[in-house]
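Residues in the sequence shown are numbered consecutively from 13, following my numbering.
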Amino acid sequence: MATITKSLARGAFATSSTTLYTVPASTTTVVSNIVVTNSAASAATFTIQLDAVDLFKTVAIAANSTAMFDLKQVLATTKIIAGLASAITVSFHISGVEIS
């Protein structure tokens, strides 16, 4: 059994729902940390779903700020993390552990 701690996904959100990460075949993933940053001079919102369940739904993030969330959420093979933001200036970094 291999266990790898890694960056699962990172980048800028799209303004429509997009798959950010898919759990690989024969793997279980534990999401441990999500960081969201808004680099714009105005506030924005973001939504993140784990396996089609809203973890954060239209959450406001202030201008030029960062929000950090520590969690322990398990996702089985082929499950996805999806998300979107109200502006492309909102970026994300999702960390976790893959167990295969």
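All residues carry an ideal CB built from backbone N, CA and C; glycine is no exception.
As the structure is a prediction and not an experimental result, all values here were calculated from the model.
{"Asked": "Return the bridge partner residues of phenylalanine 58 from the DSSP annotation.", "Found": "Val71 and Ala97"}
{"Asked": "Could you check what DSSP says for alanine 52 in three-state terms: helix, strand or coil?", "Found": "coil"}
{"Asked": "Quick one: grab the DSSP three-state call for lysine 91.", "Found": "coil"}
{"Asked": "Among Ala55, Lys84 and Ser29, which residue has its Cα nearest to the Cα of valine 71?", "Found": "Ala55"}
{"Asked": "Flag this pair as touching only if the region 23-31 and the region 87-95 have three or more C-beta atom pairs under 8 angstroms; answer yes or no.", "Found": "yes"}
{"Asked": "How would you label serine 98, buried or exposed, when you count the other beta carbons within 10 angstroms and need 16 or more for buried?", "Found": "buried"}
{"Asked": "Indicate whether valine 35 and threonine 41 have their beta-carbon atoms separated by less than 8 angstroms.", "Found": "yes"}
{"Asked": "With which residues is threonine 41 paired in a DSSP beta bridge?", "Found": "Leu87 and Glu110"}
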